[in-house]
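Presented below is the structure to which this report refers.
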Amino acid sequence: MAEPIRPGNALDEQIHLTAVDEFLAWGKEHSLFYLLFATACCGIELMQAGGPRYDVDRLGMIPRATPRQADLMIVAGTITHKMASRVRTLWEQMSEPRWVVSMGSCANSGGPFSKWSYSVLNGVDKYIPVDVYIPGCPPRPEALIDGVMALRERVRRYRTSGERDATPYLVAGGDCAFGGHPGKDDGSGGEPKR
Amino acid sequence: MNDAAITARIQAVFPDVQPATTPNAQPRLCVPAATLPALARFLLDQPDLAFTSLMDLTGYDLAKYPSTPPSDAIRVVYLLHSLCHLHKLALWVDAPRASPVVPSVAGIWPAAIYFEREVFDLLGVRFDGHPSLHRILCPDDWIGHPLRKDYVYPAEYLGVAHLREGQHFESGPVRG
Ligand code: SF4
Chain A
13 MAEPIRPGNA
23 LDEQIHLTAV
33 DEFLAWGKEH
43 SLFYLLFATA
53 CCGIELMQAG
63 GPRYDVDRLG
73 MIPRATPRQA
83 DLMIVAGTIT
93 HKMASRVRTL
103 WEQMSEPRWV
113 VSMGSCANSG
123 GPFSKWSYSV
133 LNGVDKYIPV
143 DVYIPGCPPR
153 PEALIDGVMA
163 LRERVRRYRT
173 SGERDATPYL
183 VAGGDCAFGG
193 HPGKDDGSGG
203 EPKR
Chain B
4 MNDAAITARI
14 QAVFPDVQPA
24 TTPNAQPRLC
34 VPAATLPALA
44 RFLLDQPDLA
54 FTSLMDLTGY
64 DLAKYPSTPP
74 SDAIRVVYLL
84 HSLCHLHKLA
94 LWVDAPRASP
104 VVPSVAGIWP
114 AAIYFEREVF
124 DLLGVRFDGH
134 PSLHRILCPD
144 DWIGHPLRKD
154 YVYPAEYLGV
164 AHLREGQHFE
174 SGPVRG
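Keeping their order, the protein sequence lines are chains A and B.
Whatever position you read off the first sequence (first residue = 1), add 12 for the working numbering.
Whatever position you read off the second sequence (first residue = 1), add 3 for the working numbering.
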């Protein structure tokens, strides 16, 4: 009979040596608490991402009801000019380092309202800096998770090396039917930055 | 009561109320603005009418509206429902576009307080006797009334440009 497999009890199998910064970065990366903040239909998709099928809780993403406890703001939905100053206030209440995901065409560029509406802000990046853009109307939860995975990499890099990427990450493959990709403005031609 | 009976009942007391000709089965009654407060009180208080619920109060700009004859008015629409008799009624009150003033029904149906603020915000209709008529959807310092057909779009708000580079409005002229 073969020996049953047991966890080794040699000392070097039970102790993992690392730097404190690495350890904290690992913890931060796996506990991106996000602000429960949705202004329009993209919010439904955000809720879906938190539901049992996609379950972003397993990535350590727990919704927080107050910006003071949140690391990440997912701007899910249409932002009007009137709402924009409130978005800015919420963002300012988050503690550093704070991260922003712009979810959906509306938050990216005004989306279906960009050319016809008097009241909609054409892109939340006019008020707050955005780290990840997710195109789509609305984006699928897979796209949101793709954006979050990219953001986690940035969080770890920031925590270990102190470098924060200035160029936003653009999730590819969204069905962005309305408006332009914000990535066009930065000379990338709207190509995804992988 | 059916629609014809309601119309006849109202016209017996308010002869200046006329049914509008619309393609819809449900009648709309055109009400002169001056008659509105008395009519509203009447509709609520008469036990056989008892329009206890103001379901909606809205409005639209008739400029460019394909109506015959062409009109230069803003139309305020009142949709009423009686919760005990389960009958409904629609009222139209036309106000001149240049200075639209309509008496408020907020004292009769308190639900009108918010509705009238919305119509004021988006169409610029002043409701005489409203307890606090100020904007409800647009910011307080907003210029103009967006649902008017001659609305001029803002180029920016609080220093933030309204359009991204290379975009233009497809719906109307832009201010500034
Ligand atoms: S991008 Fe589409 S789905 Fe998302 S908030 Fe705007 S209109 Fe709604």
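Every residue, glycine too, gets a C-beta built ideally from N, C-alpha and C.
These figures come from a predicted structure and were not determined experimentally.
I'd like to confirm the pairing. Which residues does DSSP put opposite residue i in its beta bridges?
| i | result |
| --- | --- |
| residue 84/B | 56/B, 91/B |
| residue 181/A | 144/A |
| residue 156/B | 177/B |
| residue 50/A | 88/A |
| residue 78/B | 63/B, 97/B |
| residue 164/B | 159/B |
| residue 130/B | 105/B |
| residue 112/A | 85/A |
| residue 76/A | 47/A |
| residue 132/A | 92/A |
For ligand 1, is there a heavy atom less than 7 Å away from the beta-carbon of residue i?
| i | result |
| --- | --- |
| residue 43/B | no |
| residue 23/B | no |
| residue 90/A | yes |
| residue 169/B | no |
| residue 121/A | no |
| residue 135/A | no |
| residue 116/A | yes |
| residue 124/A | yes |
| residue 150/A | yes |
| residue 96/A | no |
| residue 61/A | no |
| residue 155/A | no |
| residue 33/B | no |
| residue 87/B | no |
| residue 52/A | yes |
Give the C-beta separation of residue i and residue j to the nearest angstrom, bearing in mind that I take them to be a contact with Cβ-Cβ under 8 Å.
| i | j | result |
| --- | --- | --- |
| residue 140/A | residue 99/A | 6 Å |
| residue 163/B | residue 138/A | 5 Å |
| residue 98/B | residue 76/B | 6 Å |
| residue 84/B | residue 58/B | 5 Å |
| residue 47/B | residue 55/B | 7 Å |
| residue 133/A | residue 91/A | 5 Å |
Are the Cβ atoms of residue i and residue j separated by less than 8 Å?
| i | j | result |
| --- | --- | --- |
| residue 102/A | residue 44/A | no |
| residue 87/B | residue 36/B | no |
| residue 89/A | residue 63/A | no |
| residue 167/A | residue 40/A | yes |
| residue 54/A | residue 150/A | yes |
| residue 62/B | residue 34/B | no |
| residue 40/B | residue 31/B | no |
| residue 106/B | residue 131/B | yes |
| residue 171/A | residue 69/A | no |
| residue 65/B | residue 122/B | no |
(request) Starting from the N-terminal side, write out each stretch of the beta strand (DSSP E) that is 3 residues or longer and does not extend beyond the segment 10-34 of chain B. (result) 21-23, 31-33
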